[in-house]
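Sequential numbering from 738 applies to the sequence shown in this note's numbering.
Built from N, CA and C at the ideal position, the CB exists for glycine as well.
First up is the structure itself, then whatever we jot down about it.
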Amino acid sequence: MEFLKLVKRRSFLNELLYVLLNVGMAIAILVIIKVTGSVFPAFILVLLSKWRVLAVRSRFWAANIQANLVSVIVDFSYIIILYKSSLSSINSTQNFIFQAILVTIYVFWLLYLRPKSKRVYVVAQAGLAVFAGITAIYAITYGWIASPVVLLVWLVGYATARHVLSSYEEDHLLFLSLVWGLVIAEIGWLAYHWTVAYRLPFITNLMLPQVSIIILCVSFLAYKSYDSFIQNGKIKLNDIILPLIFTISTVSVLLLAFNGVSSNI
738 MEFLKLVKRR
748 SFLNELLYVL
758 LNVGMAIAIL
768 VIIKVTGSVF
778 PAFILVLLSK
788 WRVLAVRSRF
798 WAANIQANLV
808 SVIVDFSYII
818 ILYKSSLSSI
828 NSTQNFIFQA
838 ILVTIYVFWL
848 LYLRPKSKRV
858 YVVAQAGLAV
868 FAGITAIYAI
878 TYGWIASPVV
888 LLVWLVGYAT
898 ARHVLSSYEE
908 DHLLFLSLVW
918 GLVIAEIGWL
928 AYHWTVAYRL
938 PFITNLMLPQ
948 VSIIILCVSF
958 LAYKSYDSFI
968 QNGKIKLNDI
978 ILPLIFTIST
988 VSVLLLAFNG
998 VSSNI
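Next up, the structure:
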């Protein structure tokens, strides 16, 4: 009995330490951005926190890095969005509330969503990485040339596709991930030349790119189509009709109705 109590106590302390470290990580990133006014120290902190990725034999590095790409995308996106919000001209109370919401979402990611391995959570992880990653890319690259922007968008598409496909027994994992990355890169290239973004309430220096919503919807439709094919040997209309209608409706409304009330980045 004493041994069981000791094990439970250590387990509780380990869980508590895990929670405190992750909450501390989220707050530390915010403090670093506030103090330094730069994203690079926060990037370094995140990369240092991934030390276990390389704590194996070198032949496993490539696989580990690819397996952690979605996590890194979410981490870097959190940093970039925090940084952009810190440049806003809104009053300190509104800025504090917005950044507190971001910290809460990131803590939720660290403590709940990221550790999950069931397919539904894996898909949610990829969806968050798509939305946050594309939003962050277009938030900071409006003055860049097209090539690095398209490359970054391709990386998000490749990483998220690989993340989802890894939850299936897919024989063509690399090929399909590369193809989907190319599809997303094509959308990203079009968006680079026709970038539309929507102003967020109270946050003057951060806008929501239209393309992040479009890519998220298209990615969800692609996932449902792939899942239907895997389950049935073909894509059944009943499985994708609702996602298809939702995607077409959302993209149509964004392209036809909201271009006139949005602002070009």
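Exercise for the section: Would you decide whether residue 984 is buried or exposed? Buried here means 16 or more other CB atoms lie within 10 Å of its CB. Expected result: Residue 984 sits at position 247 when you count from the first residue of the sequence shown. With 16 or more Cβ atoms within 10 Å of its Cβ, residue 984 is classed as buried.
Exercise for the section: Compute the Euclidean distance between the alpha carbons of residue 911 and residue 884, then round it to the nearest angstrom. Expected result: Taking the first residue of the sequence shown as position 1, residue 911 is located at position 174. Taking the first residue of the sequence shown as position 1, residue 884 is located at position 147. Residue 911 and residue 884: Cα-Cα distance of roughly 22 angstroms.
Practice task
Specify the secondary structure class of residue 946 as computed by DSSP and reduced to three states.
Solution key: Mapped onto the sequence shown, residue 946 falls at position 209. Looking at residue 946 - three-state DSSP - the assignment turns out to be strand.
Exercise for the section: Just mark residue 756 as buried or exposed, buried being the case when its beta carbon has 16 or more other beta carbons within 10 Å. Expected result: Walking along the sequence shown from the start, residue 756 turns up at place 19. Exposed, by the Cβ-count rule.
Practice task
Would you list the one or two residues that DSSP bridges to residue 935?
Solution key: The count along the sequence shown starts at 1 and reaches residue 935 at position 198. Bridge partners of residue 935: 945.
Practice task
Have a look at the DSSP bridge pairing and note the partners of residue 940.
Solution key: Here residue 940 refers to the residue found at position 203 of the sequence shown. Per DSSP, 937.
Problem - DSSP state of residue 812 mapped onto helix, strand, coil - result: Locating residue 812 in the sequence shown gives position 75, counting from the first residue. It is helical.
Problem - Of the residues 762, 814, 786 and 776, the one placed nearest residue 890, counting alpha carbons only - result: Locating residue 890 in the sequence shown gives position 153, counting from the first residue. Looking at 762, 814, 786 and 776, the one whose alpha-carbon comes closest to that of residue 890 is 814.
Exercise for the section: May I have the straight-line CA-CA distance separating residue 880 from residue 817, to the nearest angstrom? Expected result: If you number the sequence shown from 1, residue 880 lands on position 143. If you number the sequence shown from 1, residue 817 lands on position 80. Residue 880 and residue 817: Cα-Cα distance of roughly 15 angstroms.
Exercise for the section: Provide the residue span of the alpha helix (DSSP H) that contains residue 893, from first to last. Expected result: The sequence position of residue 893 within the sequence shown is 156, counting from 1. Run containing residue 893: 883-902, per the alpha helix (DSSP H) assignment.
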